[in-house]
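In my numbering, the protein residues as written are 78 to 237. To keep things clear, I will list the structure first and then write my remarks on it.
And the structure:
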């Protein structure tokens, strides 16, 4: 039986993105100065160990997202569950992009010609995967007329 979840969603959200989140977890747990530099150039804000508590929370968030994607989304083929998880993560993506934009405005770094490769990777992955996530949350490509966004509820007939 074929999966109701399109291949592009399965590959992105259960393989690619968990790898990215696990690498982020590693950076923000074991190499915080390098992790910080992926978002903030050290010339703007040198690493300060007093901020480690914030990075512990960020690495915990990345570990949570890793689990949701690498374990939970592989466990379920329920389109409604996939849409709900991806809607929640889309909210997180929006906040990441808002924060990145505010930081770049504050430090005069909006011109993409001046971006570092870390900036391109961070904004590119977040925006690109975020756009795919919005499509998934909307039920695009899931067919069958299931789900609130495409004509019904994906949990019809469920007994539990």
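Backbone N, C-alpha and C define an ideal beta-carbon position, used for all residues, glycine too.
Counting only the Cα atoms, residue 139 lies some 7 angstroms from residue 99. Boundaries of the alpha helix (DSSP H) around residue 112: 109 to 116.
For residue 173, the enclosing alpha helix (DSSP H) covers residues 156 to 183. Listed in chain order, the non-local C-beta contacts of residue 97 below 7 angstroms within the same chain comprise 202, local neighbours out to five positions each way being set aside. Taking the Cα of residue 132 as reference, the smallest distance to any Cα among 110, 120 and 79 is reached at 110. For the set 105, 183, 179 and 143, the Cα lying nearest the Cα of residue 134 is the one of 105. Under the three-state reduction of DSSP output, residue 124 falls in the coil class, being neither helix nor strand. Where residue 143 is concerned, the enclosing alpha helix (DSSP H) starts and stops at 129 to 144. Spanning the alpha carbons of residue 117 and residue 174 requires a straight line of approximately 14 angstroms.
When the beta-carbon positions are compared, residue 94 and residue 146 come within less than 8 angstroms of each other.
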